[in-house]
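Worksheet: the structure to be examined is printed underneath.
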Amino acid sequence: MIGRIRCIAFNTFREAVRDRVLYNLIVFALLLIGSSLVLGQISIGIEKIVLVNLGLTAISIFGVVIAIFIGIGLVSKEIDKKTLYTVLARPVKRWEFIVGKFAGLIGTLSVNAGLMALGFFAALLFEQHKFEQTDVYLLAALYFILLEFVIVTAVAVLFSSFSTPLFSTIFSFALFAVGTFGDDLRGFAATTHGLTKFALTAAAYLVPNLSTFNVISLVAHDQPVMGRLIALNTLYAVCYSTLVVTGAVLIFERRNLK
Amino acid sequence: MHRGRITVVALLLLAAGMAGSVWASRELDSMHDQIALQEVLYLPSAKTVKAISLGYDGLMADIYWTRVVQYYGRKHHADSLTYKLLPPLLDITTTLDPHLDIAFQFGAFFLSQKPPQGAGNPDAGIALVKKGIANNPTHWRLYYDLGFIYWMEKKDFKSAAQTFATGAHVPGAMPWMWTIAGAMAQGGDEMEMARTLWTEILKETKDPTIRSNALDRLASINSDEAVLQLQKRVDDYQERFGRKPNSMRELVDARLLPGIPLDPAGNPYGIDPFGEVVLKDPAKVPFATKGLGHGVEATPLYYNKFAVEDKRKKEREQKATAATARPTDRKQ
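Chains A and B supply the protein sequences, listed in that same order.
The opening residue of the first sequence carries number 58 in the working numbering; numbering runs sequentially from there.
The opening residue of the second sequence carries number 2 in the working numbering; numbering runs sequentially from there.
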């Protein structure tokens, strides 16, 4: 079972890295990180802040774009190319296919994020001439960005399991946008009463709480990221992505592929 | 069979995932407050925010105003005593959109009120509304808000009166702005200013209710001035005889007064057991703020009979409490 999932994940990774659009996006992100050096120079006293804010934001945004654009095609592309039938004709279960695709895309995104992070740290080194002790918090911010990718990928896979690529893209971006306002949504739910409160609270917990992963501004000011926050965010990302991927599996299991 | 097993496992995973994510989310929410304690505004300069808004100042102002409301709401809900980010957030909002009236009005209110209702910084509130007036000189409502802060938070009746009067001149301003201005001047013992304002109202308006009110106000100002003058005579009497007079007759006998003076309602002024000059019937001089009796403080905006009634009610309650406490004392 693990071997089959690993095989699908590896093939998903291999297929993704062949995509030229992916490289274009990475190069564009690296250019943006580089340009933050110039932007930092035209301000006073906030060179590092600009670099961290712009750099990590670029990694996050481009990562999310990659996650959605590749994620939404994971299942539909296989159906369009008829390759899905070849795969499922082998002793591969549908849920293994979904989990494998999900894991493969996570792997792709991790490598991409790693490349972009290398560029980011190179720019930081160029700016500061050395690494400081507080720069370790940047790793926590990068880890949170990766957790965000995990959730966004899961969401994209879920939509990909039953919808067309166009609608999957729209749904995924919409959910991503709503998720970034997760705090406000729960705050709003807390101020209501009765049935509205129940409905809003349920909606608030159903949409991904992506705001909790955004510590870019915090680390840009050398503020530490608490260990408990790291643990809870990890737990949240694992639970939420499990929930969403399981949903995708349930849908895909019942999907008529004829 | 196999498919059924997958479904069961998937449903279990769904439940576990949902429970786990809700629990983690709740824990993260509680942590959010701890993180929020490190109050930092990452872009403290309004000009910087304006520059990076790429021309979408209005939208950015709306977003920042939402942040102000959320910030105030969260702090207020937690009965917080500090609102560190409120002044810079409001400054950014109003710099982005200098015509966002609501931000000036409510922002000043949030800033001025004492904690935990607000930031307890009326000077910042005044500065914010003045910024609003500078950008929107035709918005009379901002003068009202400014005057209100001077009155309620700074107890500066003179500035309040001047602000209300200036706002009353703005085209479209409600006529009662004059009324408040006059009342403020009277409450701050700015009798001349109050008289000028009420005389002006009397001249400018044909509305019988407002005219009647203005006449009552002018009579009350005369009465307040008379009470202040008479109180000086009482003090002179005490200086000369070493005690306070018991009645106006004693002041006349001591040649400190030519005769017993009458209030605007035609009743003679009196002296209470505390040696304070009092009106015989305060309700007949409804806006008088002086001569209402020992310990009665009237608000210049309302009929003084309410203040007198409140005082009497408190006295009755105190007597009742004392009466119920006495038998217990005896038992002990």
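All C-beta atoms in this analysis are idealised placements derived from N, C-alpha and C, irrespective of residue type, glycine included.
| field | Three-state secondary structure (DSSP) of P209 (chain B) | value | Looking at P209 (chain B) - three-state DSSP - the assignment turns out to be helix.
| request: Find the nearest neighbour of I64 (chain B) within the set B:Q114, B:H77 and B:L91, judged by alpha-carbon distance. | output: Ranking B:Q114, B:H77 and B:L91 by Cα distance to I64 (chain B) puts B:L91 first.
| Within 7 Å, strictly: CB atoms of L143 (chain B) and F111 (chain B) | No, they are not a contact pair.
| query | How would you list, in chain order, the residues of chain B whose beta-carbon sits under 7 Å from the beta-carbon of Y194 (chain A)? | reply | By Cβ distance, chain B contributes nothing, its closest Cβ being about 13 Å from Y194 (chain A), past 7 Å.
| request: Pull up the CB-CB distance for N110 (chain A) and A277 (chain A), whole angstroms please, since I reckon it's below 8 Å. | output: Contact holds; Cβ gap of about 5 Å.
| request: Answer with yes or no whether the minimum CB distance from V171 (chain B) to chain E is below 7 Å. | output: Looking at the structure shown, chain E is missing, and the protein chains on hand are A and B.
| said: Among B:A125, B:L82 and B:D98, whose alpha-carbon lies nearest the alpha-carbon of K48 (chain B)? | reply: Nearest C-alpha to K48 (chain B) among B:A125, B:L82 and B:D98: B:D98.
| For G130 (chain A), which of helix, strand or coil comes out of DSSP? | Helix, per DSSP.
| task | Kindly indicate if chain B contains any beta-carbon less than 7 Å away from that of L181 (chain A). | result | No, its Cβ sits nowhere closer than 7 Å to a Cβ of chain B.
| message | At 4 residues or longer, what runs of the alpha helix (DSSP H) sit wholly inside the region 245-293 of chain A? | response | As far as the region 245-293 of chain A is concerned, its whole alpha helix (DSSP H) runs of at least 4 residues are 251-263 and 273-277.
| query | In chain A, which residues lie with their C-beta within 7 Å of the C-beta of A11 (chain B)? | reply | The contacting residues are T303, V306 and L307.
| request: For G148 (chain B), name the three-state secondary structure that DSSP assigns. | output: Secondary structure at G148 (chain B): helix, using DSSP grouped into helix, strand and coil.
| query | Counting only runs that start and end within the region 157-210 of chain B, where is the alpha helix (DSSP H) found for 4 or more residues in a row? | reply | If only complete runs of 4 or more residues are kept, the region 157-210 of chain B shows the alpha helix (DSSP H) at 158-170, 177-188 and 192-205, in order along the chain.
| request: Just the chain B side, please: which residues come within less than 8 Å of Y293 (chain A) by C-beta, in chain order? | output: Under the 8 Å cutoff, chain B gives G21, S22, A25, S26 and L29.
| task | Buried or exposed for Y142 (chain A), please, with buried defined as at least 16 other CB atoms from any protein chain shown within 10 angstroms of its CB. | result | Burial is judged here by how many other beta carbons sit within 10 angstroms of a residue's own beta carbon; Y142 (chain A) has fewer than 16 and is exposed.
| query | Helix, strand or coil for I272 (chain B) per DSSP? | reply | I272 (chain B) falls in the strand class under three-state DSSP.
| task | Would you mind sorting R311 (chain A) into buried or exposed? The rule is 16 or more other CB atoms within 10 Å of its CB. | result | So R311 (chain A) ends up on the exposed side.
| Along the region 141-160 of chain A, what residues have a CB closer than 8 Å to any CB found in chain B? | Within the region 141-160 of chain A, the qualifying residues are K150 and W152.
| field | Distance between beta carbons of A305 (chain A) and S218 (chain A), contact taken as under 8 Å | value | Right, their Cβ atoms sit about 4 Å apart.
| message | Quick check: the Cα distance between K115 (chain B) and G176 (chain A), rounded to an integer number of angstroms? | response | Cα atoms of K115 (chain B) and G176 (chain A): separation of roughly 50 Å, rounded to the nearest angstrom.
| Looking at C-alpha atoms only, which residue of A:G244, A:F230, A:L292 and A:T269 is the closest neighbour of G120 (chain A)? | For the residues A:G244, A:F230, A:L292 and A:T269, the minimum Cα distance to G120 (chain A) belongs to A:F230.
| query | Are the C-beta of L38 (chain B) and some C-beta of chain A separated by less than 7 Å? | reply | Reliability fails at L38 (chain B), whose pLDDT of 39 lies under 50, so the model's placement of it is uncertain and the value that follows must be treated cautiously. Not closer than 7 Å to any Cβ of chain A, the Cβ of L38 (chain B) fails to qualify, so no.
| request: Examine chain B for any beta-carbon lying closer than 7 Å to the beta-carbon of C64 (chain A), and answer yes or no. | output: Answer no: the Cβ-Cβ gap between C64 (chain A) and chain B never drops below 7 Å.
| Taking any Cβ of chain A, which residues in the region 51-84 of chain B have a Cβ under 9 Å from it, in chain order? | Listed by position along the chain: T67, Q71, G74, R75 and H78.
| message | Along the region 101-133 of chain A, where does the CB come closer than 7 Å to a CB of chain B? Name the residues. | response | From the region 101-133 of chain A, no residue has a Cβ closer than 7 Å to chain B.
| request: Could you tell me whether any Cβ in chain A is nearer than 7 Å to the Cβ of F18 (chain B)? | output: The sequence given here places Gly at residue 18 (chain B); Phe does not occur at that position. Taking Cβ atoms only, chain A reaches closer than 7 Å to G18 (chain B), which makes this a yes.
| Going by the beta-carbon positions, is the gap between D146 (chain B) and V130 (chain B) smaller than 7 Å? | A contact, by the Cβ cut-off of 7 Å.
| request: Excluding the 5 residues preceding and the 5 following K51 (chain B) in the sequence, name in chain order all residues of the same chain whose CB lies nearer than 7 Å to its CB. | output: If we look at K51 (chain B) and ignore the five residues flanking it on each side, its Cβ neighbours are D58, T96 and L97.
| message | I'd like the list of long-range same chain contacts for G121 (chain B), defined as Cβ closer than 6 Å, with 5 residues on each side in sequence excluded. | response | Annotation for G121 (chain B): K115 place their beta carbon closer than 6 Å to its own, counting only its chain and skipping 5 residues before and after.
| Three-state secondary structure (DSSP) at V309 (chain B)? | In this structure, V309 (chain B) counts as helix in the three-state DSSP scheme.
| task | Please name the residue in A:S268, A:A288 and A:K187 whose C-alpha comes closest to that of V209 (chain A). | result | Nearest of A:S268, A:A288 and A:K187 to V209 (chain A), Cα basis: A:S268.
| request: Please report the residue range of the alpha helix (DSSP H) in which R312 (chain A) lies. | output: Element bounds for R312 (chain A): n/a, residue is neither H nor E.
| task | Kindly identify the DSSP beta-bridge partner or partners of L263 (chain B). | result | Under DSSP, L263 (chain B) shares a beta bridge with B:P269.
| field | Coil, strand or helix - V286 (chain B) by DSSP | value | It is coil, neither helix nor strand.
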